[in-house]
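Residue numbers (this note's numbering), protein chains in the order written: chain A, 1 to 167; chain B, 168 to 317.
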């Protein structure tokens, strides 16, 4: 997996959590993983298709999601599974949106699909040959996991570039 | 918590907002900021179609509009609202802040753009600018919440 594709996700995740929580965050673990993904809590999966194809999973323990929700709402939130899901979904949207912005400004074109929330392991299994980068971010509310499996489609980009020349 | 001087309409009434986002969580965050600015929530919507209906029903002073939503996306909703109400003040609020998105929204009639995660101080300055209706200030740069990361 090319680092230029991964770096925007790392930068965006770090910045979104630091800005949202108004506190420093730290990437405490970064590794490559060829195993099928095992969910740790409430997970949001986002699919990406275009010049770059793959998927990103943002995964938080429910109690971490609720702590973040409480922090963002300024306290006084009613804890529920629904709130944990909503929080993970919106955090995933922000991380992906910011990453996509950085990649788009580098000339990559692709479509991002709305997040799918998973609270069981179904739907998260990737193909056996997909290598994923797994990142653990330490925040004041607890650990947040990001799992990124992405590849770059040279053919798709070449086709688009040659079509643009023909235009 | 940071303090903000209340924003008022020219007739000294509270500013009324329509908050449009498919995420209830995101709407709650925006509403919290609106209240910090002394504003009033006129309505909420979770998609572009409902946003149009809510705009017609509530006639808000400002619309805070997400882009990626089910049924009808924010940019199309902006186009339809502005076609009917040329003086609508719409601020786009989205995590996707690339140039094409910003330009498309502004071309359809949005007044400004702010990138998520939204910082209260950035949104406040944008609202102050949009509410000022100063024709000499139309060339002010678009402020992105995350622009320092570029």
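In this text, a Cβ means the ideal position worked out from N, Cα and C, and glycines have one as well.
Query	Result
Residues that residue 32 (chain A) bridges to, as DSSP identifies them	A:133
Residue 183 (chain B), enclosing beta strand (DSSP E) - first and last residue	183-187
The stretch 130-141 of chain A in contact with the stretch 63-72 of chain A per 3-pair CB rule at 8 Å	yes
Collapsed DSSP secondary structure at residue 252 (chain B) in the structure displayed	coil
Residue range of the beta strand (DSSP E) that includes residue 59 (chain A)	52-60
Neighbour-count burial assignment, residue 223 (chain B), 16 or more Cβ in a 10 Å radius	exposed
The stretch 62-90 of chain A: positions lying closer than 8 Å to chain B by Cβ	69, 72, 73, 74, 83, 86, 87, 89, 90
Within-8 Å CB hit, residue 184 (chain B) to chain A	no
Listed by chain order, chain A residues near residue 284 (chain B) by CB distance under 8 Å	16, 19, 20, 94
Three-state class that DSSP yields for residue 314 (chain B) in the structure shown	For residue 314 (chain B), the predicted structure reports a pLDDT of 42, less than 50, and the residue's modelled location is therefore unreliable. A value from the coordinates is still provided. In this structure, residue 314 (chain B) counts as helix in the three-state DSSP scheme.
Per-residue burial, residue 306 (chain B) [other beta carbons within 10 Å of its own, 16 or more giving buried]	Only weak support is given to the placement of residue 306 (chain B): the predicted model assigns it a pLDDT of 40, under 50, and the question is left unresolved by the model.
Local conformation of residue 207 (chain B) per DSSP, three classes	strand
Any C-beta of chain A under 8 Å from that of residue 263 (chain B)	yes
Which listed residue (B:196, B:219, B:221, B:184) has its alpha carbon closest to that of residue 206 (chain B)	B:184
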